[in-house]
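S.K.: The structure under discussion is supplied below as structure tokens; questions concerning it will follow.
Residue numbers (the UniProt record's numbering): 1 to 178.
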């Protein structure tokens, strides 16, 4: 997936400035697709040049003018083409697993500390996801299609975080016994 697709999907909810898009991005697709504000603005300019988004300048009296972006019909067609293509499974680059391959030849306590740190990270993220689930998706069977898609993404995130906490627990237990 290109960043452009994530931006176009985000703009399906309505026109947004680059600043608003960046803030919202961090709380939605940013959980599984990282992008800096600079990258978002650069991609918005490319999308505007490709006629996938329309940029409108909104005058503000006490602040600099704001540029608000809206997806165009061409942008929607780009999304439709992208959605129709097969999706490859993500490639995993997990430094912690490489470190664990050295178990027995490196400081075991360092690995245990790293596993504890990683476990805490996943517990915090799981808590965040569960709070969002409770607040916004208490009745998944009555969701609109767009919200159902977000619910399913959130559900995958919750299951993934639970699995990671369980894996960390098992790894800590097994390593502590060595």
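Beta carbons: idealized from backbone N, C-alpha and C, even for Gly.
Would you mind stating whether residue 122 and residue 165 have Cβ atoms separated by less than 7 Å?
M.R.: The residue given as residue 122 occupies position 122 in the chain shown. The residue given as residue 165 occupies position 165 in the chain shown. Cβ atoms of residue 122 and residue 165: closer than 7 Å.
S.K.: Can you tell me which of 60, 103, 53 and 59 puts its alpha carbon nearest to the alpha carbon of residue 79?
M.R.: Here residue 79 refers to the residue found at position 79 of the chain shown. Taking only the C-alpha atoms, the option nearest residue 79 is 53.
S.K.: Hey, is the stretch 17-36 in contact with the stretch 61-74, meaning 3+ C-beta pairs nearer than 8 Å?
M.R.: yes
S.K.: Verify whether the separation of the beta carbon atoms of residue 125 and residue 170 is less than 7 Å.
M.R.: Looking up residue 125 in the chain shown gives position 125. Looking up residue 170 in the chain shown gives position 170. For residue 125 and residue 170, no; Cβs fall outside 7 Å.
S.K.: Note down, in chain order, each residue of its chain lying with its Cβ closer than 6 Å to the Cβ of residue 56, except the 5 sequence neighbours on either side.
M.R.: Reading the chain shown from its first residue, position 56 is the one you call residue 56. Excluding positions up to five away in sequence, the list reads 68.
S.K.: Use the C-beta contact count for residue 254: other C-beta atoms within 10 angstroms, 16 or more gives buried, fewer gives exposed.
M.R.: Only positions 1 to 178 of the chain appear in the structure, and residue 254 is not among them; the question remains open.
S.K.: Which one of 23, 29 and 177 has the shortest CA to CA distance from residue 2?
M.R.: To locate residue 2, count along the chain shown from 1; it is residue 2. When only C-alpha atoms are compared, the closest one is 29.
S.K.: Using a Cβ-Cβ cutoff of less than 6 Å, which residues in the same chain neighbour residue 48 once the five nearest sequence positions on both sides are dropped?
M.R.: The count along the chain shown starts at 1 and reaches residue 48 at position 48. Same-chain partners within the cutoff: 55.
S.K.: Whose CA, out of 112, 88 and 22, lies closest to the CA of residue 174?
M.R.: For the purposes of this step, residue 174 is identified with residue 174 of the chain shown, where counting begins at 1. It is 112 whose Cα lies nearest to the Cα of residue 174.
S.K.: Does the distance from the C-beta atom of residue 129 to that of residue 149 stay below 7 Å?
M.R.: By 1-based counting over the chain shown, the position of residue 129 is 129. By 1-based counting over the chain shown, the position of residue 149 is 149. No, Cβ-Cβ distance for residue 129 and residue 149 is not below 7 Å.
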